[in-house]
Amino acid sequence: MSSTVKIVRLYFKEGDKTQDHHNLMKELFHLLHDEHKVRGASVFRGVAGFGAHGVVQADDLLRLNVHLPLVLEVFDEPEIIARIMPRLRELVPAKHIISWEAQLAEE
Amino acid sequence: MSSTVKIVRLYFKEGDKTQDHHNLMKELFHLLHDEHKVRGASVFRGVAGFGAHGVVQADDLLRLNVHLPLVLEVFDEPEIIARIMPRLRELVPAKHIISWEAQLAEE
Amino acid sequence: MSSTVKIVRLYFKEGDKTQDHHNLMKELFHLLHDEHKVRGASVFRGVAGFGAHGVVQADDLLRLNVHLPLVLEVFDEPEIIARIMPRLRELVPAKHIISWEAQLAEE
């Protein structure tokens, strides 16, 4: 049977830290994988982007100095996502977290 | 006029094979491009992720030993997607296939 | 409070030009960032894909000769997206622009 899941996308940047100076992506993985046992998550790196801190492009600049955009994508049952959401918002500003419903394929 | 399409995302990993040991991504392309004449599809590679087989990160490990996450994205008319879906499910577990509706821009 | 945003994804290729021969991605950034003051956008590069111009794969071919798929993703308030959409359609064919609604996380 087909069932509804919730997809969450979190937008951040390479090099982003948590308030206590840990690597943000690792903290998000820790939260999702170790604490909440989410089944899966993927992080994709953009080749260009812009946000509050200006425009970046992978090809224009010396790669080491550029913090490219990252997006972490996770989907799971809506109840599980609802439980994690407040924790995600402690790590990532609310305006960088979007979610929507999707259908899982029928078994 | 704006029209409704269905977006499908399939989650798998580099190195994944079909049951008869072919490269999964090539088989998916064969199915979508050659057999079903889908207009377009894109595959994106993650830089990190976790799933049933543990955590991977592009930067932490010798690249050759890591199977990074892949996502294949395709969108088309809902009827065309409905016709392809059973075939996709033969290649990718149902829990790794999600879909939702979107609007095509007006001509 | 949670609020509704509209996500837009534009599909194009590396090397794509505008009708007056400018780099398409730079023109899209100019439009979104400089003219319309959209808060953020990200561009992701695929590792494989197919469309009207055949199949491409990053690993199979001499990288310099291949135009890999790009997707530009932007989200903002539906009214802002509605205002930009006609301009996006001057740069990218309507059939390569899809959008859907999502929820911003609650503050």
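Chains as they are written, first to last, in this note's numbering: chain S, 1 to 107; chain B, 1 to 107; chain F, 1 to 107.
Ideal Cβ positions, reconstructed from N, Cα and C, are used throughout, including at glycine.
*Just the C-alpha distance for Ala48/F and Ser42/S, rounded to the nearest angstrom, thanks.*
Numbered from 1 along the third sequence, position 48 holds the residue referred to as residue 48/F. Numbered from 1 along the first sequence, position 42 holds the residue referred to as residue 42/S. Between Ala48/F and Ser42/S, the C-alpha separation is close to 18 Å.
*Nearest chain B C-beta to Leu10/S closer than 9 Å, yes or no?*
Looking up residue 10/S in the first sequence gives position 10. Output row for Leu10/S: interface = no.
*Lys37/F burial status per 10 Å Cβ neighbour count (16 or more: buried)*: Walking along the third sequence from the start, residue 37/F turns up at place 37. The residue in question, Lys37/F, is exposed, as its Cβ has fewer than 16 Cβ neighbours within 10 Å.
_List, from N- to C-terminal side, the beta strand (DSSP E) runs of 3 residues or more that fit wholly inside the segment 25–61 of chain S._
41–45, 48–51 and 54–57
*For Val108/F, return the contacting residues in chain S, with the cut-off set at a CB-CB distance below 7 Å.*
What the structure shows of chain F is the stretch from 1 to 107, and residue 108/F is not part of that stretch, so it cannot be assessed.
*Using the C-alpha atoms, what's the distance from Leu31/F back to Arg83/S?*
The count along the first sequence starts at 1 and reaches residue 83/S at position 83. The count along the third sequence starts at 1 and reaches residue 31/F at position 31. Taking the straight line joining both Cα atoms gives about 38 Å.
_Quick check: the Cα distance between Val8/F and His33/S, rounded to an integer number of angstroms?_
To locate residue 8/F, count along the third sequence from 1; it is residue 8. To locate residue 33/S, count along the first sequence from 1; it is residue 33. Cα to Cα, the separation comes out at about 29 Å.
*Just to confirm, are Lys13/B and Gly51/B a CB contact at a threshold of 9 Å?*
As a first step, residue 13/B is located in the second sequence; it is residue number 13 there, counting from the start. As a first step, residue 51/B is located in the second sequence; it is residue number 51 there, counting from the start. Yes. Within cutoff.
_Partners in chain F for Met85/S, counting only beta-carbon separations shorter than 7 Å_ = Counted from its first residue, the first sequence places residue 85/S at position 85. The answer, in chain order, is Ala105.
*asked:* Pull the bridge partners of Leu104/S from the DSSP assignment, please.
replied: Stepping through the first sequence from its first residue, residue 104/S is reached at position 104. DSSP lists Ser3/S and Ile98/B as partners of Leu104/S.
*Indicate whether at least one CB of chain F lies closer than 9 Å to the CB of Phe44/S.*
As a working note, residue 44/S is residue 44 in the first sequence. Chain F contact via Cβ: present.
*Give the single residue among Ile80/S, Val74/S, Arg45/S and Glu79/S whose Cα lies nearest to the Cα of Glu113/F.*
Chain F is shown from 1 up to 107; residue 113/F falls before or after that span and cannot be answered.
*Quick one: which chain F residues come within Cβ less than 8 Å of Val47/S?*
Taking the first sequence and counting its residues from 1, the one referred to as residue 47/S is at position 47. The answer, in chain order, is Val43, Phe44, Arg45 and Leu70.
*By how many angstroms is the C-alpha of His53/F removed from the C-alpha of Val71/B?*
The sequence position of residue 71/B within the second sequence is 71, counting from 1. The sequence position of residue 53/F within the third sequence is 53, counting from 1. So the alpha carbons of these two residues sit roughly 21 Å apart.
_Please state the DSSP three-state secondary structure of Glu77/S._
In the first sequence, counting from the first residue as 1, residue 77/S sits at position 77. Coil, per DSSP.
*Where Leu10/B and Ile80/B are concerned, what is the direct C-alpha to C-alpha distance, given to the nearest angstrom?*
In the second sequence, residue 10/B corresponds to position 10, counting from 1. In the second sequence, residue 80/B corresponds to position 80, counting from 1. Whole-angstrom Cα-Cα distance: 16 Å.
*Using the Cα positions of Ala94/S and Met85/S, report the straight-line distance between them to the nearest angstrom.*
Position 94 of the first sequence, counted from the start, is the residue given in the question as residue 94/S. Position 85 of the first sequence, counted from the start, is the residue given in the question as residue 85/S. If you take the alpha carbons of Ala94/S and Met85/S, they lie about 10 Å apart.
*Whose CA, out of Phe75/F, Phe29/F and Gln57/F, lies closest to the CA of Gln57/S?*
In the first sequence, residue 57/S corresponds to position 57, counting from 1. Minimum Cα distance to Gln57/S is reached at Phe29/F.
*From Leu68/B, Lys6/B, Glu27/B and Ala105/B, residue whose alpha carbon lies closest to that of Arg87/B*: On the second sequence, position 87 is the one that residue 87/B refers to. Nearest C-alpha to Arg87/B: Glu27/B.
*In angstroms, rounded to a whole number, what distance separates the CA positions of Ala105/F and Ser99/F?*
Working through the third sequence from its first residue, we reach residue 105/F at position 105. Working through the third sequence from its first residue, we reach residue 99/F at position 99. Distance between the alpha carbons of Ala105/F and Ser99/F is about 19 Å.
_7 Å Cβ cut-off: residues of chain F touching Ala102/B_ = As a first step, residue 102/B is located in the second sequence; it is residue number 102 there, counting from the start. The contacting residues are Ile98, Ser99 and Trp100.
*Near Ser92/F, what residues of its chain come up, given a Cβ to Cβ distance below 7 Å and the 5 sequence neighbours on each side ignored?*
To locate residue 92/F, count along the third sequence from 1; it is residue 92. The amino acid occupying residue 92/F in the given sequence is Val; Ser does not appear at that position. The residues are Leu10 and Phe12.
*CB-CB under 7 Å to Ile97/F, same chain, minus the five flanking residues each way: which ones, in chain order?*
Numbered from its first residue, the third sequence carries residue 97/F at position 97. Once the five neighbours on either side are set aside, the close Cβ partners of Ile97/F are Val8, Leu10, Leu88 and Arg89.
_With a threshold of 9 Å between beta carbons, is Gly15/S in contact with chain B?_
Here residue 15/S refers to the residue found at position 15 of the first sequence. Output row for Gly15/S: interface = no.
*Any chain F beta carbon closer than 9 Å to Lys95/S*: As a position in the first sequence, residue 95/S is number 95, starting the count at 1. It does: the Cβ of Lys95/S has a partner Cβ on chain F nearer than 9 Å.
*Please work out which residues of its chain come closer than 7 Å, Cβ to Cβ, to Ala102/B, disregarding the five sequence neighbours upstream and downstream, and give them in chain order.*
Stepping through the second sequence from its first residue, residue 102/B is reached at position 102. Counting only Cβ-Cβ distances below 7 Å, and skipping sequence neighbours, we find Val5, Ile7 and Phe75.
_Can you list, in chain order, the residues of its chain with a C-beta nearer than 7 Å to that of Leu24/B? Leave out the 5 residues immediately preceding and following it._
For this step, residue 24/B is matched to residue 24 along the second sequence. Counting only Cβ-Cβ distances below 7 Å, and skipping sequence neighbours, we find Phe12, Asp16, Lys17, Thr18 and Leu91.
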